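Enquirer: Sharing a structure with you now.
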Amino acid sequence: VQLQASGGGLVQAGGSLRLSCVASGNIFSINRMGWFRQAPGKQRELVATITTRGAYTNYADSVKGRFTISRDSAKNTVSLQMNSLKSEDTAVYYCNALVNWENNYWGQGTQVTVSS
(Lines of atoms letter the chains of each structure in order from A and count residues from 1; the text may use other names and numbers.)
(Lines give C-alpha, C1' and ligand atoms only; values in the text may rest on other atoms or scores of the structure.)
Protein backbone atom coordinates (compact mmCIF):
# COMPACT_ATOMS: atom_id res chain seq x y z
CA VAL A 1 0.00 0.00 0.00
CA GLN A 2 1.29 3.42 -0.95
CA LEU A 3 -0.14 6.69 0.28
CA GLN A 4 0.25 10.07 -1.37
CA ALA A 5 -0.82 13.05 0.69
CA SER A 6 -1.47 16.57 -0.48
CA GLY A 7 -2.73 19.81 0.95
CA GLY A 8 -1.52 21.58 4.02
CA GLY A 9 0.22 24.93 4.19
CA LEU A 10 0.06 28.14 6.15
CA VAL A 11 -3.21 29.62 7.34
CA GLN A 12 -4.32 32.15 9.89
CA ALA A 13 -6.16 31.09 13.01
CA GLY A 14 -9.82 30.58 12.27
CA GLY A 15 -9.12 29.60 8.70
CA SER A 16 -9.57 26.32 6.86
CA LEU A 17 -7.45 23.79 5.05
CA ARG A 18 -8.14 20.50 3.33
CA LEU A 19 -5.84 17.50 3.26
CA SER A 20 -6.21 14.63 0.81
CA CYS A 21 -4.59 11.22 0.61
CA VAL A 22 -4.71 8.79 -2.29
CA ALA A 23 -4.07 5.12 -1.68
CA SER A 24 -2.64 2.75 -4.25
CA GLY A 25 -1.43 -0.82 -4.35
CA ASN A 26 -3.29 -3.51 -2.42
CA ILE A 27 -6.14 -1.19 -1.49
CA PHE A 28 -8.60 -4.01 -0.90
CA SER A 29 -6.64 -4.98 2.20
CA ILE A 30 -7.13 -1.57 3.81
CA ASN A 31 -9.51 -1.64 6.77
CA ARG A 32 -9.21 1.93 7.89
CA MET A 33 -7.63 5.18 6.76
CA GLY A 34 -7.02 8.35 8.63
CA TRP A 35 -4.79 11.17 9.71
CA PHE A 36 -2.33 11.49 12.52
CA ARG A 37 -0.23 14.50 13.44
CA GLN A 38 3.00 15.23 15.21
CA ALA A 39 3.93 18.59 16.65
CA PRO A 40 7.53 19.46 17.56
CA GLY A 41 8.58 17.73 20.75
CA LYS A 42 5.38 15.72 20.95
CA GLN A 43 4.33 12.21 20.10
CA ARG A 44 2.35 11.40 17.01
CA GLU A 45 -1.35 11.46 17.79
CA LEU A 46 -4.55 10.37 16.13
CA VAL A 47 -6.59 13.10 14.50
CA ALA A 48 -9.35 11.23 12.70
CA THR A 49 -9.99 7.86 11.10
CA ILE A 50 -12.64 6.33 8.89
CA THR A 51 -13.26 2.67 8.14
CA THR A 52 -13.41 1.47 4.58
CA ARG A 53 -16.56 -0.52 5.29
CA GLY A 54 -19.39 1.26 6.99
CA ALA A 55 -17.49 4.56 7.02
CA TYR A 56 -17.30 4.60 10.80
CA THR A 57 -15.42 7.68 11.97
CA ASN A 58 -13.36 8.46 15.04
CA TYR A 59 -12.04 11.86 16.06
CA ALA A 60 -9.68 13.19 18.65
CA ASP A 61 -11.58 15.24 21.20
CA SER A 62 -9.49 18.27 20.32
CA VAL A 63 -10.80 18.36 16.74
CA LYS A 64 -14.40 17.26 17.15
CA GLY A 65 -16.78 19.75 15.61
CA ARG A 66 -14.00 21.41 13.61
CA PHE A 67 -12.54 18.65 11.43
CA THR A 68 -14.40 16.28 9.13
CA ILE A 69 -12.95 13.15 7.60
CA SER A 70 -14.47 11.66 4.48
CA ARG A 71 -13.63 9.11 1.83
CA ASP A 72 -14.23 8.61 -1.85
CA SER A 73 -14.06 4.90 -2.50
CA ALA A 74 -14.09 5.32 -6.26
CA LYS A 75 -10.96 7.46 -6.08
CA ASN A 76 -9.34 5.57 -3.18
CA THR A 77 -9.07 8.91 -1.45
CA VAL A 78 -9.57 10.09 2.09
CA SER A 79 -9.84 13.78 2.92
CA LEU A 80 -9.68 15.86 6.05
CA GLN A 81 -11.51 19.17 6.05
CA MET A 82 -10.12 21.33 8.81
CA ASN A 83 -12.10 24.38 9.87
CA SER A 84 -11.69 26.89 12.67
CA LEU A 85 -8.01 26.09 12.84
CA LYS A 86 -6.08 26.95 15.96
CA SER A 87 -2.40 27.50 16.58
CA GLU A 88 -2.32 24.21 18.47
CA ASP A 89 -3.28 22.41 15.26
CA THR A 90 0.16 23.24 13.89
CA ALA A 91 1.92 19.97 13.16
CA VAL A 92 3.08 17.62 10.47
CA TYR A 93 0.07 15.60 9.37
CA TYR A 94 0.47 12.00 8.22
CA CYS A 95 -1.92 9.91 6.21
CA ASN A 96 -2.35 6.42 7.59
CA ALA A 97 -3.75 3.14 6.33
CA LEU A 98 -4.41 0.17 8.56
CA VAL A 99 -4.07 -3.10 6.67
CA ASN A 100 -5.43 -6.44 7.86
CA TRP A 101 -6.19 -4.71 11.15
CA GLU A 102 -2.56 -4.88 12.21
CA ASN A 103 -0.15 -3.27 9.77
CA ASN A 104 0.20 0.49 9.55
CA TYR A 105 1.28 2.27 6.40
CA TRP A 106 2.21 5.93 6.33
CA GLY A 107 2.29 8.60 3.71
CA GLN A 108 4.79 11.39 3.63
CA GLY A 109 4.03 14.12 6.12
CA THR A 110 2.50 17.42 5.14
CA GLN A 111 3.06 20.54 7.19
CA VAL A 112 0.13 22.49 8.57
CA THR A 113 1.01 25.80 10.18
CA VAL A 114 -1.60 27.98 11.84
CA SER A 115 -0.52 31.50 12.66
CA SER A 116 -2.17 33.33 15.52
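Be aware that the sequence shown starts at 38, since it is given in our numbering, and climbs by one per residue. Glycine is no exception: its CB is placed at the ideal position from the N, C-alpha and C atoms. Source: prediction; values computed, not measured.
What are the start and end residues of each continuous beta strand (DSSP E) run of 3 or more residues lying completely inside the stretch 104 to 135, in chain order?
Expert: You should have 104 to 109, 114 to 119.
Enquirer: Could you check if Leu158 is buried or exposed, using at least 16 other CB atoms within 10 Å of its CB as the buried criterion?
Expert: What the structure shows of the chain is the stretch from 38 to 153, and residue 158 is not part of that stretch, so it cannot be assessed.
Enquirer: Could you have a look at Ser66 and say whether DSSP puts it in helix, strand or coil?
Expert: As a position in the sequence shown, residue 66 is number 29, starting the count at 1. If DSSP states are grouped into helix, strand and coil, Ser66 belongs with the helices.
Enquirer: Would you identify the three-state DSSP class for Arg90, choosing helix, strand or coil?
Expert: The residue given as residue 90 occupies position 53 in the sequence shown. DSSP places Arg90 in coil when its eight states are reduced to three.
Enquirer: State yes or no: is the C-beta of Leu117 within less than 8 Å of the C-beta of Leu56?
Expert: Here residue 117 corresponds to residue number 80 of the sequence shown, with the count starting at 1. Here residue 56 corresponds to residue number 19 of the sequence shown, with the count starting at 1. Yes. Within cutoff.
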